[in-house]
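Chemist: Under numbering that gives the first Met the number 0, the letters of the sequence shown match residues 0 to 249, in that order. Just so it is clear, CB atoms sit at the ideal spot from N, CA and C, and this is done for glycine as well. Let me give you the structure first, and then I'll get to my questions.
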Amino acid sequence: MTELDALIAIVRQAGELALSFYGRVVPSEKPDRSFVTEADKAVEDFLRSELGKHFPGVEVLGEEVEQGVEKSVAWVVDPIDGTANFVAGVPIWAVCVGLVEEGTPILGAVYYPAFGELYAAQQGKGAWLNGNPIRARTDDDIRRDDLLGLSTLSVKRMQVQLPCKVRSLGTAVACFTFVAKGSFIGGILTDNRVWDIAAGWVIAKEAGAEVVQLRTGEPMTKLPLTRESLPHLLVAPRQFIPRIREGVRF
């Protein structure tokens, strides 16, 4: 079994565990007033345990456990990206796990259990949805019914002046996975953390998209293995990046 096969199996099991809580959780609030549930905690505990068994010695940086990492290689875990959706019974939420080495995500898996989509990628090998290869958009036309994804805070802080339609799905990783499969022309993310980004990053990159800083257009080449907030990011195929940046005001 390859590293990617092992990761896919672990993330799928974690998703099924999360699904067993879906529709029956009572949330509590974190200090920032965002939701957390017993499912978030149970899934992160499961991921930490299984990753530790299959990949001994590799540290884990997760959203729900206030614990840092000391080495330059670590698993980055978001047990349920889209907890507010999860609590409300909206099926757009995902289990996300990425392997970051020297600041670069090199392996990733994202599973949406409620509608059965599992994305995976390995640096230099490609990206897949349920085992089938995927690619981001290759044309250069932004049409009226094309979709641009925005994270929740991006919607609140930005104005989009483009001919396309805007979608905010309540989960950061959707900006990456839906760009990767060609459903979105791009995705804009604001005030996210490494666990929101790592797994989706390698999937989008391997599908032919790029990740840049929205303000400058400079490539985002490294992710910090810390809990700090990241700058405004844009994930999109290269040909769409200039037009999207020109059409966004904040």
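Figure out for me which residue from F183, A171, E15, E2 has the closest Cα to the Cα of I91.
Modeler: In the sequence shown, residue 91 corresponds to position 92, counting from 1. Selected option, being the one with the closest Cα: A171.
Chemist: Looking at A73 and L224, is the spacing between their C-beta atoms short of 9 Å?
Modeler: For the purposes of this step, residue 224 is identified with residue 225 of the sequence shown, where counting begins at 1. For the purposes of this step, residue 73 is identified with residue 74 of the sequence shown, where counting begins at 1. Taking 9 Å as the Cβ cut-off, L224 and A73 qualify as a contacting pair.
Chemist: Three-state secondary structure (DSSP) at K164?
Modeler: Translated into positions along the sequence shown, residue 164 becomes position 165. K164 falls in the strand class under three-state DSSP.
Chemist: Comparing C-alpha positions only, which one of V99, T176, A235 sits nearest to P132?
Modeler: The residue you call residue 132 lines up with position 133 of the sequence shown. It is T176.
Chemist: If we require 3 or more residues per run, which beta strand (DSSP E) segments fall completely within the stretch 101-180?
Modeler: Within the stretch 101-180, the complete beta strand (DSSP E) runs of at least 3 residues are 103-111, 116-121, 125-128, 146-149, 164-166.
Chemist: Helix, strand or coil for I243 per DSSP?
Modeler: Residue 243 sits at position 244 when you count from the first residue of the sequence shown. Here I243 sits in helix by DSSP.
Chemist: Considering just the uninterrupted stretch of the beta strand (DSSP E) at L232, what are its terminal residues?
Modeler: On the sequence shown, position 233 is the one that residue 232 refers to. Residues 232-236.
Chemist: What residues in its chain sit with their C-beta under 6 Å from that of E58, if we drop five residues either side in the sequence?
Modeler: Locating residue 58 in the sequence shown gives position 59, counting from the first residue. Same-chain partners within the cutoff: V68, K70, A73.
Chemist: Could you tell me the alpha carbon to alpha carbon distance between V247 and A108, rounded to whole angstroms?
Modeler: Taking the sequence shown and counting its residues from 1, one reaches residue 247 at position 248. Taking the sequence shown and counting its residues from 1, one reaches residue 108 at position 109. Taking the straight line joining both Cα atoms gives about 30 Å.
Chemist: In chain order, which continuous runs of the beta strand (DSSP E) of length 3 or greater are located wholly inside the stretch 61-88?
Modeler: DSSP runs (the beta strand (DSSP E)) wholly in the stretch 61-88: 72-80.
Chemist: Just reading off the beta strand (DSSP E) that A208 is part of, what are its end residues?
Modeler: Within the sequence shown, numbered from 1, the residue matching residue 208 stands at position 209. Per DSSP, A208 belongs to the beta strand (DSSP E) from 208-212.
Chemist: Among Q122, Q66, A17, whose alpha-carbon lies nearest the alpha-carbon of A88?
Modeler: Walking along the sequence shown from the start, residue 88 turns up at place 89. According to the sequence displayed, residue 88 carries Gly and not Ala. Considering only alpha carbons, the answer is A17.
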